[in-house]
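Q: In the working numbering, the protein residues as written are 165 to 428.
Just so you know, even glycine gets a beta-carbon here, dropped at the ideal spot from N, CA and C.
Quantities reported herein were computed from a predicted structural model and do not represent experimental measurements.
Provided herewith is a single structure, encoded as structure tokens, for subsequent inquiry.
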């Protein structure tokens, strides 16, 4: 099957500073693709370029067989949803009103608010465990609650492609795993391709069906976690000496860092 999202030889940067040069990536259809790498290696820059937030100075991003630049904004928003690292909500907005904004790409002169929109919002809020917060002011929420509301808004958009930039930020370990389980379930249900930037190597190895490893603006390895995640790769990319063992729960690679000092 053809990839729904391709970066073809893209060069991307900020002002006169190039972050990524000549990078090519084909996101497998119906995959949960996870991008990992050290800080400032270009992970979020790549995701922003894939979402058309950061245009490539060279190369092209291909969405469903067409250059993403050729689409109108609403067309992109109906095909691709993005959860950025940081977002700003209007002052005083309620949770349900913020999540409802995920339905805007589906509105138009000939299509107004419908029962399908309402159902999508309720489903998204239920999946992210924020339905009970519906009438609360977003300003009153904790960091973890706010992050789950942003995820709910992205899910309410009901796009076949979902890009997630560090979606587990601000969440405790229980809510991190709940969210990652949700993403895995969305992928398993079929019809949806997810791409996420994560920092936790073991979470990436457990949940990704396709792992992309970046270093200094380039992809140094990609494939199934079990096929590419080695102690040598972790040492080269992250500078961490480790052992790779079998995770007894998921039977995926488990990164165990070596002790840096001897402890009795």
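Is it the case that the Cβ atoms of residue 409 and residue 418 are separated by a distance below 9 Å?
A: yes
Q: Hey, is residue 347's beta-carbon within less than 9 Å of any beta-carbon in chain D?
A: Checking the listed chains, one finds no chain D in this structure; it contains a single protein chain.
Q: Count Cβ pairs between the segment 171 to 184 and the segment 352 to 369 that sit closer than 8 Å; are there 3 or more?
A: no
Q: Spell out the partners DSSP gives residue 379 in its beta bridges.
A: 382
Q: Contact between the segment 260 to 274 and the segment 287 to 303 is defined here as three or more beta-carbon pairs at a separation below 8 Å; is this criterion met?
A: yes
Q: Given this structure, state the Cα-to-Cα distance separating residue 420 from residue 189, to the nearest angstrom.
A: 28 Å
Q: Could you tell me the alpha carbon to alpha carbon distance between residue 292 and residue 315, rounded to whole angstroms?
A: Between the alpha carbons of residue 292 and residue 315 lies a distance of about 7 Å.
Q: When the Cα of residue 311 is compared with those of 238, 399, 360, 248, which residue comes out closest?
A: 248
Q: State the Cα-Cα distance for the pair residue 364 and residue 381, rounded to the nearest angstrom.
A: Taking the CA atoms as reference points, residue 364 sits about 19 Å from residue 381.
Q: Run through DSSP, which three-state label would residue 260 get?
A: Under the three-state reduction of DSSP, residue 260 is assigned to helix.
Q: Determine the extent of the beta strand (DSSP E) in which residue 196 is found, giving its start and end residues.
A: 196 to 200 is the span of the beta strand (DSSP E), which, as asked, contains residue 196.
Q: Report the CB separation of residue 226 from residue 172 in whole angstroms; it is logged as a contact under 8 Å.
A: 6 Å
Q: With DSSP as the reference, label residue 170 as helix, strand or coil.
A: strand
Q: Shortest alpha-carbon distance to residue 429 belongs to which of 282, 228, 348?
A: With the chain covering 165 to 428 only, the question about residue 429 has no answer from this structure.
Q: Would you mind giving the Cβ-Cβ distance between residue 246 and residue 327, rounded to the nearest angstrom? I have them listed as a contact below 8 Å.
A: About 5 Å separates the two Cβ atoms, so the contact holds.
Q: Return the first residue and the last residue of the beta strand (DSSP E) that residue 389 is part of.
A: Element bounds for residue 389: not the beta strand (DSSP E) but the alpha helix (DSSP H), 389 to 392.
Q: In chain order, which alpha helix (DSSP H) runs of at least 4 residues are fully inside the segment 283 to 350?
A: 307 to 320
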